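For the sequence shown, our numbering gives the first residue as 396, with consecutive numbering after it.
Glycine residues also receive a C-beta, built at the ideal position from the N, C-alpha and C atoms.
As the structure is a computational prediction, the values presented were derived from the model and not from experiment.
Report on the following structure.
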Amino acid sequence: MNIFLLLQMAAEADPERIGLVCDGRRWSYGELAAAAKGAAEIITSAGCSHVALLDESSAAAPIALFGAALAGVPYVPLNYRLADEDLGALLGRVAPALVIGDTGRAERLNGDAGHTFLSRDGFIAAAEQAAATASGEEREGEGIAAQIFTSGTTAAPKAALLRHSNLLGYILGTVDFMSADPDDAQLVCVPPYHIAGISALMSSIYAMRRIVMLPAFEPEEWVRLAAEEKVTNAFVVPTMLSRIIECLDEEKAEKLSGLRAIAYGGGRMPPELILKALELFPVTDFTNAYGLTETSSTIALLGPDDHRVAFFSDEPEVRARIASVGRPLPTVELEIRDEDGKVLPAGERGEIYVRGEQVSGEYRERSALDADGWFPTRDAGWLDSEGYLFLAGRADDVIVRGGENISPGEIEDVLDTHPAIAESVAVGIPSTEWGEAVGVAVVIRPGCERPSDEELCTLVKDRLRSSRVPERILVVDELPYNEMGKLLRRQVRLLFQED
């Protein structure tokens with residue numbers, strides 16, 4: 396099977412239903428499918444090995460995604476925010492490609508690698524023109540649908556491969572075909588180079604929900620567009636939700652009364668932020684989605700009922716679940732393992748392993764799956780007594796102090812209970828005595844006085860133990876996040892070197 400099937404089914408079921416709203420234009424599902432067929436003809440004629448999108452979100456993204464699928468060529472959305480040197484290297488790794496979007500920059504960085512270049516508008520126009528004579532015949536079966544470069548914080552980005560079977564395993568296992576009402580609308584504001592952007596397109600198309608695309612996130616524009624298009628569903632990352640809440644007043648919030656469901660993920664969601672959102676949107680269903688590029692998006696969900704139960708519960712264990720990412724999908728197996736690969740019981744922290752049809756775990760360079768098909772996520776976490784999954788950061792972020800492994804998350808959870816602390820992050824810093832020690836950066840809430848180092852250290856010592864007490868504490872105006880709400884711990888470590 397090929398992911399083009401998702402768009403084909405939608406177009407055949409209701410070709411006149413509006414499938415996409417972007418840049419002032421409204422596309423029906425029939426028009427999108429026709430353009431994707433035309434794009435497949437262009438891709439095949441170009442003789443390229445990859446289809447690379449170097450652009451913000453636009454109609455070119457779904458047309459290129461499904462056109463590449465139909466042509467049997469991997470779709471490669473590139474991070475246009477990368478530095479020239481890094482982007483040029485990635486362009487070299489996918490040559491020869493049909494490069495769509497910022498052609499001027501792409502030609503300057505990698506113009507002699509045999510690429511074919513088309514601007515966003517040029518590609519869309521050419522796809523529509525070619526649609527008139529396109530056959531719509533699949534060139535390949537179940538090969539690689541998408542190649543997504545990981546962030547590469549300590550080395551060159553890895554090329555994660557997602558096959559058609561992986562992506563379809565996720566969509567067909569989590570979405571019912573044509574389940575959306577004609578008036579349902581999904582606001583998509585995540586970048587096209589992130590797995591969340593790709594999965595949002597596919598799941599919305601299979602449900603036949605109208606996709607309202609916001610090319611670049613700005614909170615005021617997000618609120619305006621959501622109100623204007625009567626958006627019913629949206630996905631945001633924690634930093635986006637925080638900025639949306641900050642810009643809302645009573646009148647603007649009233650205009651969003653039709654917003655029935657908000658899903659969030661991509662980074663750590665402070666419990667106080669989601670509690671504030673639940674108060675501001677009392678009739679909106681909130682869902683926390685946890686997943687990775689290598690797992691074709693979501694593998695665990697904290698659903699709307701879980702949010703409400705946790706919000707109103709007086710039981711500490713149940714209320715704590717507001718900070719969890721929920722339970723694994725029915726189609727996904729999940730285990731917590733120690734360093735020796737032993738499966739750990741509930742309550743014990745270790746590395747998260749997953750297995751399932753949607754789990755790729757495959758890179759251009761190698762496969763990370765073990766002999767039994769399990770993928771080590773490199774995320775640390777634990778399960779509670781009812782199977783709710785709690786994240787404790789990346790396994791690589793563990794602080795090793797005198798041979799003892801310390802999870803940054805447990806320190807951050809304690810510090811965040813202080814009424815003057817808006818956010819905190821714990822990292823390992825060099826120590827002559829211990830090898831590594833705990834360094835903490837904190838953001839102070841507006842209008843609050845800075846707590847003394849002694850007060851914060853005592854808080855950690857009383858809740859945890861002395862080995863978790865920070866050796867150094869920095870106060871910063873804000874913590875560094877990327878556009879998907881992922882905390883950049885490497886940049887925090889650099890702050891301690893500069894201080």
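In this structure, the straight-line span from the alpha carbon of R759 to that of F770 is close to 16 angstroms. Judged by DSSP in its simplified three-state form, N628 adopts strand. Per DSSP, reduced to three states, the secondary structure at W769 is coil, with no helix or strand assignment. Within its own chain, the residues whose Cβ lies closer than 7 angstroms to the Cβ of A434, once the five positions on either side in sequence are excluded, are I458, A459, G462 and A522, listed in chain order. Rounded to the nearest whole angstrom, the C-alpha separation of S755 and T690 is 6 angstroms. In this structure the stretch 737 to 749 does not lie against the stretch 577 to 597, because fewer than three pairs of beta carbons, one per stretch, are closer than 8 angstroms. DSSP places E757 in the strand class (E or B) of the three-state scheme. The bridge partners DSSP lists for L869 are A836. Of the candidates D735, G662 and I694, G662 places its Cα closest to the Cα of A718.
Shown here, N505 sits in a helix according to DSSP, grouped into three states.
By the Cβ criterion, the stretch 552 to 570 is not in contact with the stretch 414 to 434, since fewer than three pairs of Cβ atoms, one from each stretch, lie closer than 8 angstroms.
Per DSSP, E746 is one residue of the beta strand (DSSP E) stretching across G745 to R750. Judged by DSSP secondary structure, M664 falls outside any alpha helix (DSSP H); it is assigned neither H nor E. Counting only residues of its own chain and dropping the five nearest sequence neighbours on each side, G653 has a CB closer than 8 angstroms to the CB of K625, V626 and T627. Straight through space, the alpha carbons of I731 and L778 are spaced by roughly 8 angstroms.
The beta carbon of G834 is closer than 6 angstroms to those of V822, I824, R867 and F891 in its chain, skipping five residues each way along the sequence.
In this structure, the straight-line span from the alpha carbon of N505 to that of N474 is close to 15 angstroms. Cβ contact annotation for E752 (same chain, cutoff 6 angstroms, sequence separation greater than five): G564, in chain order. Between E807 and S862, the C-beta gap is not smaller than 8 angstroms, which leaves the two residues out of contact. Cα atoms of I543 and P846: separation of roughly 43 angstroms, rounded to the nearest angstrom.
Taken through DSSP and simplified to helix, strand or coil, Y565 comes out as helix. The C-alpha of E831 lies about 43 angstroms from the C-alpha of E615. In this structure, V809 and R750 do not form a Cβ contact; the two beta carbons are roughly 33 angstroms apart against a cut-off of 8 angstroms. Under DSSP, T693 shares a beta bridge with G686. Counting only the Cα atoms, A441 lies some 44 angstroms from L786. Rounded to whole angstroms, the separation of the alpha carbons of T812 and A454 is 44 angstroms. Excluding sequence positions up to five before and after A466, its CB lies within less than 7 angstroms of the CB of A435, I438, T439 and R534, all in the same chain and listed in chain order. The C-beta distance from T679 to A656 rounds to 7 angstroms, short enough to fall under 8 angstroms. Under the Cβ criterion (8 angstroms, minimum of three pairs), the stretch 507 to 521 counts as touching the stretch 487 to 499. Residues A787 and G788 of the same chain have their beta carbon placed closer than 6 angstroms to that of G804, with the five preceding and five following residues left out of the count. The beta carbons of P699 and T682 sit closer together than 8 angstroms. The DSSP assignment places 470 to 472, 492 to 496 and 511 to 513 as complete runs of the beta strand (DSSP E) inside the stretch 446 to 523, in order along the chain (cut-off: 3 residues). Unbroken alpha helix (DSSP H) stretches of 4 residues or longer found wholly inside the stretch 566 to 597: none.
Rounded to whole angstroms, the separation of the alpha carbons of P711 and L696 is 20 angstroms. Residue burial is scored here from C-beta neighbours: F518 has at least 16 other C-beta atoms within 10 angstroms and is therefore classed as buried. Scanning its chain for C-beta atoms nearer than 7 angstroms, with the 5 sequence neighbours on each side dropped, one finds around S637 the residues L668, in chain order.
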